[in-house]
Amino acid sequence: MDARIISALGADGRRSYADVGAEVGLSTAAVHERVKKLLDKGVIRRFSISVDPERVGLNFTAFVAIRNDGGIHCRDVAPRLRAMPQVEELHSVAGEYDFLAKIRTTHARALEDVIYEIKAIAGVARTTSTVVLNTEFEDRPLDLSWVNGDKGG
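The numbers in the UniProt record's numbering rise by one with no breaks, and the one at position 79 of the sequence shown is 79.
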């Protein structure tokens with residue numbers, strides 16, 4: 001039931017608990033109580049908005065793989081990357097590189113500036129960038145219905 005509530009709110013976090021309850025077959029009070037417990041347990045971290053990046057001038061997206069030089073621990077590099085507003089996501093990964101960052105900027109030259117800033121961080125050995133030509137989809141609402149085999153997957 002929690003998965004169904006999360007999926008319903010994931011599609012539209014502004015939905016009323018009454019509306020969600022009608023969809024999942026619970027009372028408004030029951031949905032409210034379950035959402036409160038999901039928040040208390042940290043399952044639901046926050047309610048937020050989704051902004052179209054291009055409509056606010058962020059027309060250029062790239063994925064940048066970042067390799068640590070071993071001089072300092074990756075855990076010391078991550079806070080520096082977090083502080084950069086252009087770094088939308090940062091993932092610690094296994095393989096040749098240590099991090100994969102999703103970066104949004106206004107144009108290619110702005111990406112170049114961000115990459116220079118990343119390379120100036122102590123502990124960063126090198127970067128490799130992949131520029132996004134087109135985004136088929138992103139910011140997809142979490143749909144947990146497949147977890148219990150409802151829709152295959």
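Glycine included, C-beta positions come from ideal geometry on N, C-alpha and C.
Taking the alpha helix (DSSP H) that residue i falls in, what are its first and last residues?
i    : result
A78  : C74 to R82
V114 : A108 to K119
I'd like to check one pair, residue j with residue i: are the Cβ atoms closer than 9 angstroms?
i    : j   : result
L9   : F47 : yes
D2   : L39 : no
I121 : V77 : yes
R4   : E23 : yes
A101 : E89 : yes
L31  : G21 : Sequence inspection shows Val at residue 31; the Leu mentioned does not correspond to that position. It is a contact, given that the beta carbons lie within the stated cut-off.
G13  : H73 : no
Here's the rule: buried if 16 or more other CB atoms are within 10 angstroms of the residue's CB, otherwise exposed. What is residue i?
i    : result
G152 : Confidence at G152 is low in this model, with a pLDDT of 46, below 50, so its placement is unreliable and the value that follows should be read with caution. Result: exposed.
G71  : exposed
D113 : exposed
R45  : exposed
L142 : exposed
N134 : exposed
S16  : exposed
Could you tell me how far apart the beta carbons of residue i and residue j are, in whole angstroms, since I believe they sit closer than 8 angstroms?
i    : j    : result
A62  : S129 : 5 angstroms
I66  : T28  : The pair is not a contact, with the Cβ atoms about 47 angstroms apart (cut-off 8 angstroms).
I103 : L111 : 6 angstroms
Can you name the start and end residues of the beta strand (DSSP E) that residue i belongs to?
i    : result
S145 : No beta strand (DSSP E) holds S145; DSSP gives it neither H nor E.
E88  : V87 to S92
A125 : V124 to V131
T135 : Unbroken run through T135: none, as it is neither H nor E.
Exercise for the section: Quick one: which unbroken alpha helix (DSSP H) runs of 4-plus residues sit fully inside the UniProt domain "HTH asnC-type" (1–59)? Chain order, please. Expected result: 2–11, 17–24 and 28–40
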